[in-house]
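Protein sequences appear in the order of chains A and B.
Mind the numbering: the first sequence is residues 4 to 611 in the working numbering, read in order.
Mind the numbering: the second sequence is residues 36 to 385 in the working numbering, read in order.
The beta carbon of each residue, even a glycine, is placed where N, CA and C say it ideally should be.
Computed from a predicted structure; not experimentally measured.
Here is the structure we will look at, set down as structure tokens.
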Amino acid sequence: MKLEGINDFVIRFANVNGSGSASANALFAKSLFRLGVPVSPKNIFPSNIQGLPTWYEVRINEKGNLGRRGGYDFIVAVNGQTLKRDYEGLAPGGYFMYDSARQLPADFARDDITLINIPLTQICNREIEDPKLRQLLKNIVYVGALAHLFGMEFSVLTDSILSQYKKKPKLAEPNIKALTLGFEYAATHFQDTCKLKVKRSNKLTRHILMDGNTATALGALYGGATVAGWYPITPSTSVIEAFDKFTSQYRLDDSGKKRVAILQAEDELTALGIALGASWNGARAFTATSGPGISLMNEFLGLAYFAEIPVVLIDVQRTGPSTGMPTRTQQSDILLCACASHGDTRHVLLFPCDPKECFEMTADGFDLAERLQTPVIIMSDLDLGMNDHICLPLEWDDTRTYDRGKVLDKHQLESLTGKWGRYLDKDGDGICYRTYPGTHQRLGSYVTRGSSHDEFAAYTEDNDTYQRIMVRLGKKWQTAKGLVPKPDIKLTDTAADYGAVFFGTSTQASHEAIETLGSQGITINTMRLRGFPFQDEVKAFIDRHKTIFVIEQNRDGQMRTLLISECGIRPDKLVSITHFDGLPVTAGHISYSIEQILKAQMQQGGAQ
Amino acid sequence: MSSTRPGFRHPDLPKNDLGYTRRDYEGAASTLCAGCGHDSISNAIINACYELALEPSGIAKMSGIGCSSKTPAYFLGKSHGFNSVHGRMPSIATGADMANRDLVYIGVSGDGDTASIGMGQFIHVVRRNLNMVYIVMNNGCYGLTKGQDSATADRGSAGKKGRQSLFESIDLCELAIAIGAGFVARGFSGDKEQLVPLLKAAITHKGFALVDVISPCVTFNNTTTSTKSYQWVRDHMEATATFDFIPPRKEITTQYEKGTTQSVTLHDGGVIHLHKSDGSVDITQRRPAIDALELYREKGRLLTGILHINESLKDTHDILETVETPLNSLAEKELCPGNQVLQQIIETYR
């Protein structure tokens, strides 16, 4: 029996990295998007430049479920190294496409799948004159074949090629030829073979398909960042590369000079140091890194917290600990970022769940950091940052002005009554007034330091003064609660016993899992966290339920720990649902885990 | 503890071109040990800024951690300062300069702060040719932690504890020249006559200027067995050349004998006249500058003065091609491309 369905399946591509497969596979995904079909591509790639296995997984789901589903119904298996594994992992009833240049070994003997053999190498050797292009175009040939097998409108693919090579039309020609070759071969040899189909849909009208790192870079551009210090690290590098690209276009003066300074530093310490120095001096500045970089940046995060210097830090999380799996995803820097550096510290965290939020939270992050005069960390991850996601269009309100926070200018300094103190809490909200260097010839200068200081920024070892400053920083933390974005709460049933808490890239799969459970009669209310510190709403949501499932992508339930400690929750009330193998969490894993927990509770005598 | 000095000003104190007295460049009273070389350097900084008639609020004082890094509290009280963390001043200074290229950045560091924990940042700020003065208050030991050897302590040199330094010492000047610094000088905290003009020239130089100042630690490293003691340095220092620093717009009145004087014009029109005693070292070239340092080291002498100068280098802003306007003064209209552009950008993601 063959798997059947329209706009509801998972296809996987098994390639060798560095073989040009990524752009061909992206072309396939983009074409689905342009057909209006909800699609979520995931690049599962090695920490390597050439020669190792890489997979690209595309989920097509008319209902708009865009988390990872798990399993695959169709595989394009063009990597000899993983052929056996790819063959064995295919769902029963699935389709196995391979290059018939090599014969399948005798032990490839499944009778529950459909083989689709296409002589990719042979076709390319015969039809493509330039030997350099053959390898690359082999990938395009299988995309052409897929178009036929799935019944896709061919013109969507050719249009995509044409727009991709708008500036180099000469390159479009061989690509279209390769597409056609694959399409025609499949039409001739596999006329009615595949029962998985793609049909144009009206599900996507205004949407865009963008990776989170690009959106983050746009957030920094629109948020007015003028200084970026950085150090290359997967998966955050493309944030800065995109920022560089956009600023090279939109931040030039008439003579072509740049209204931005982007500096590749010698390490992450310097990357954050550059951002801090610039912020201290009145520019909006940021850096982007991943877990290993955050570990190094702890020192400066403590300084920024204590000396009260705003900065925006983008953490595109990857699989830890240590070097871990640099090209795999996780949400495992939660505790590290929330309390980075020695001594009593707390940092503001924002949790975007799609590219639109990457854009908004990054832009808002600059306002928030300057309002609170403290670091704001945007908690993205590899899945969000490096994979393309469907989301609503980014928008900018042209009437918006930047909130630069409490900064005194020359005239304000002159009209002050009483002595100004950099760390004097005039307004009772824990946030003090700062000055930029060079503001006034006589007034407003001070020495910023990470050592203990009094309200007037002078060094002090007076115990009462030290304690007073620390208490005031605690007050500022309370003020922050009113400024970070509130959680997104959905109460399906106000009397429900169960609630689920999740954030970031666990969102899509969580919603899908809870919908599945809902159809089985298990009602679970949801709360998507968007920021830290947690507001009263967070505690209230937890309080109104008997059991809360905390869904996150790390081993130790870090967000659960943070909720317990920050909101004073009884630990046994929060049940961890974790996923931490480095791949994005699946809806199936979540719904299965919750079912198992509920079963166990029933056996113990009903829900607690 | 920092304390402020009395505000009383004698009405007849001499004033510089901006109408400021030397007092306007002073800071809080020092808390360093009596006789510490660092206090002399603080005073030299005050003198240099006063004599150059710099606007105090147009200067930013940057430092790391250590005895040396405490000094920004003791000079230029009307300037903003940033006493950062250990060995990280170069990155903070880099960011600050990126945000506002119009300020004068005076960085103060020590030999531990620079040659050990901050070596990575030091080397890279030199590479970037950041427009700043980087002063190393070099005493060959860790003062605040009570006298351990630093990486600039000469092998065999011994401080108060009597133990000889075990490892090769690092010559920060030679290193800076090797990486391409455009201005490298060495002074001695006990020689104000040389140090003040060195600092003035360093401040006027555009790009990175290193001034390594041997500054004896009177408490832990001023022994007869130390090569960073007042006595040893006085007995062993030799200068590359005596020189005059002529600020821009000042008339040159001195006559120089032909052939013995080399002139280097600074970016703002100031001129340095070098009077070479033996005419052997051409400090405008990297290789002879390094040769000279090696030669004097072999002779057991300490070479001081301007060790290398190259006025033709681009600073970080020039390299990055940033606008002339300080980046921190740009507003929404210059920074934010607006919604219409955003809609054009996202159209390419459809």
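> Closer than 7 Å, Cβ to any Cβ of chain B: which residues of the segment 417 to 450 of chain A, in chain order?
Replying inline: Y439, P440, G441, H443, Q444, R445, S448, Y449 and V450
>> My assumption, with CB atoms under 8 Å, is that P295/A sits in contact with T322/A. Please give the rounded CB distance.
In response: Position 292 of the first sequence, counted from the start, is the residue given in the question as residue 295/A. Position 319 of the first sequence, counted from the start, is the residue given in the question as residue 322/A. With 8 Å as the limit, P295/A and T322/A do not qualify as a contact, their Cβ atoms being about 11 Å apart.
> Considering only C-alpha positions, which residue in the set K493/A, A189/A, T365/A and T161/A is nearest to P177/A?
Replying inline: Within the first sequence, residue 177/A is the residue found at index 174, counting from 1. The candidate whose alpha carbon is nearest that of P177/A is T161/A.
> So, is G153/B buried or exposed, given that buried needs 16 or more other C-beta atoms within 10 angstroms?
Replying inline: The sequence position of residue 153/B within the second sequence is 118, counting from 1. With 16 or more other Cβ atoms within 10 Å, it is buried.
> Is Y384/B close to chain A, meaning its C-beta is less than 8 Å from at least one C-beta of that chain?
Replying inline: Locating residue 384/B in the second sequence gives position 349, where the first residue counts as 1. Judged by the 8 Å Cβ criterion, Y384/B is in contact with chain A.
> Roughly how many angstroms separate the alpha carbons of P41/A and L395/A, rounded to a whole number?
Replying inline: Taking the first sequence and counting its residues from 1, the one referred to as residue 41/A is at position 38. Taking the first sequence and counting its residues from 1, the one referred to as residue 395/A is at position 392. Near 12 Å, if we compare the C-alpha coordinates of L395/A and P41/A.
>> Please classify F505/A as buried or exposed, where buried requires at least 16 neighbouring CB atoms within 10 angstroms.
In response: Stepping through the first sequence from its first residue, residue 505/A is reached at position 502. Classification of F505/A: buried, given that the 10 Å Cβ count is 16 or more.
> Do V168/B and I205/B have their CB atoms nearer than 8 Å?
Replying inline: For this step, residue 168/B is matched to residue 133 along the second sequence. For this step, residue 205/B is matched to residue 170 along the second sequence. Result no, Cβ atoms of V168/B and I205/B do not sit closer than 8 Å.
> What is the residue span of the alpha helix (DSSP H) that S594/A lies within?
Replying inline: If you number the first sequence from 1, residue 594/A lands on position 591. Its alpha helix (DSSP H) spans residues A590 to Q606.
> Which word fits M4/A, buried or exposed, when buried means at least 16 other C-beta atoms lie within 10 angstroms of its C-beta?
Replying inline: As a position in the first sequence, residue 4/A is number 1, starting the count at 1. Per the 10 Å Cβ criterion, exposed.
> Tell me the DSSP bridge mates of V315/A?
Replying inline: Translated into positions along the first sequence, residue 315/A becomes position 312. V315/A pairs with F289/A and V379/A.
> What does a CB cutoff of less than 8 Å around L427/A pick up in its chain, not counting 5 residues either side in sequence?
Replying inline: Numbered from its first residue, the first sequence carries residue 427/A at position 424. Excluding sequence neighbours, L427/A sits near C435, Y436, E458 and F459.
>> Output needed in chain order: residues of the segment 394 to 405 of chain A with a Cβ under 9 Å from some Cβ in chain B.
In response: P396, L397, E398, W399, D400, D401, R403, T404 and Y405
>> Quick check on M124/B: does DSSP put it in helix, strand or coil?
In response: Indexing the second sequence from 1 puts residue 124/B at position 89. Reduced to three states, the DSSP call for M124/B is helix.
>> Taking CB distances under 8 Å as the criterion, tell me whether V1/A reaches chain B.
In response: Outside the displayed span of chain A (4 to 611) sits residue 1/A, for which this structure offers no information.
>> Spatial neighbours of S43/A within its chain, please: C-beta separation below 6 Å, excluding the five flanking residues on both sides.
In response: Counting from one through the first sequence, the residue named residue 43/A turns up at place 40. Around S43/A: R62 and L69.
> With respect to the beta strand (DSSP E) encompassing K96/B, which residues constitute its N-terminal and C-terminal limits?
Replying inline: For the purposes of this step, residue 96/B is taken as the residue at position 61 of the second sequence. Per DSSP, K96/B belongs to the beta strand (DSSP E) from I94 to S98.
> Residues in its own chain within less than 8 Å of R209/A by CB, not counting five upstream and five downstream?
Replying inline: Locating residue 209/A in the first sequence gives position 206, counting from the first residue. Around R209/A: L395 and P396.
> DSSP three-state call for L111/B: helix, strand or coil?
Replying inline: By 1-based counting over the second sequence, the position of residue 111/B is 76. Correct three-state label for L111/B: coil.
>> Using a Cβ-Cβ cutoff of less than 7 Å, which residues in the same chain neighbour N51/A once the five nearest sequence positions on both sides are dropped?
In response: Counting from 1 along the first sequence, the entry for residue 51/A is found at position 48. The residues are N20.
>> So L6/A and K198/A are supposed to be a Cβ contact under 8 Å. How far apart are they, rounded?
In response: Locating residue 6/A in the first sequence gives position 3, counting from the first residue. Locating residue 198/A in the first sequence gives position 195, counting from the first residue. The Cβ separation is near 7 Å, so the contact holds.
>> In whole angstroms, give me the CA-to-CA distance for T339/B and N256/B.
In response: Within the second sequence, the letter at position 304 stands for residue 339/B. Within the second sequence, the letter at position 221 stands for residue 256/B. The straight-line gap from Cα to Cα measures roughly 20 Å.
> Which residues share a DSSP beta bridge with M167/B?
Replying inline: As a working mapping, residue 167/B is identified with position 132 in the second sequence. F243/B, per the DSSP bridge assignment.
> Roughly how many angstroms lie between the CA atoms of Q376/A and H582/A, to the nearest whole one?
Replying inline: One-based indexing of the first sequence puts residue 376/A at position 373. One-based indexing of the first sequence puts residue 582/A at position 579. Those two C-alpha atoms are separated by around 35 Å.
> Would a check of beta-carbon distances place N374/B closer than 8 Å to chain A?
Replying inline: Here residue 374/B refers to the residue found at position 339 when the second sequence is read from its first residue. True, the Cβ-Cβ gap to chain A drops below 8 Å.
> If you draw a straight line from the C-alpha of K260/A to the C-alpha of A543/A, how long is it?
Replying inline: Mapped onto the first sequence, residue 260/A falls at position 257. Mapped onto the first sequence, residue 543/A falls at position 540. Spanning the two alpha carbons is a distance of roughly 52 Å.
>> Beta-carbon within less than 6 Å of A189/A's beta-carbon, same chain only, minus the 5 sequence neighbours each way: which residues are those?
In response: Translated into positions along the first sequence, residue 189/A becomes position 186. Here the set comprises A148, H151 and L152.
> In three-state terms, what does DSSP make of L446/A?
Replying inline: As a first step, residue 446/A is located in the first sequence; it is residue number 443 there, counting from the start. Of the three classes helix, strand and coil, the one that applies to L446/A here is coil, per DSSP.
>> So for D74/B, helix, strand or coil by DSSP?
In response: In the second sequence, counting from the first residue as 1, residue 74/B sits at position 39. Correct three-state label for D74/B: helix.
> Is K181/B close to chain A, meaning its C-beta is less than 8 Å from at least one C-beta of that chain?
Replying inline: What you label residue 181/B is simply residue 146 of the second sequence in a count that begins at 1. Not one chain A Cβ lies under 8 Å of K181/B.
>> Is the beta carbon of S77/B closer than 8 Å to that of Y55/B?
In response: Here residue 55/B corresponds to residue number 20 of the second sequence, with the count starting at 1. Here residue 77/B corresponds to residue number 42 of the second sequence, with the count starting at 1. No, the pair does not count as a contact, with Cβ atoms beyond the cut-off.
> What first and last residue would you give for the beta strand (DSSP E) that runs through V578/A?
Replying inline: Here residue 578/A is taken as the residue at index 575 of the first sequence, counted from 1. First-last of the beta strand (DSSP E) with V578/A: L577 to T581.
>> Mapping the DSSP letters down to three states, classify S43/A as helix, strand or coil.
In response: Position 40 of the first sequence holds residue 43/A. Looking at S43/A - three-state DSSP - the assignment turns out to be strand.
> Since L38/A meets chain B, which of its residues come closer than 8 Å, beta carbon to beta carbon?
Replying inline: Start at 1 with the first residue of the first sequence, and residue 38/A comes out as number 35. Near L38/A there are no residues of chain B at all, since even the closest Cβ is about 12 Å away, more than 8 Å.
>> Our contact map puts T275/B next to V299/B with C-beta atoms below 8 Å; I'd like the distance itself, whole angstroms only.
In response: One-based indexing of the second sequence puts residue 275/B at position 240. One-based indexing of the second sequence puts residue 299/B at position 264. About 13 Å separates the two Cβ atoms, so there is no contact after all.
>> Could you tell me which whole alpha helix (DSSP H) segments of length 4 or greater appear in the segment 158 to 220 of chain A?
In response: 172 to 192
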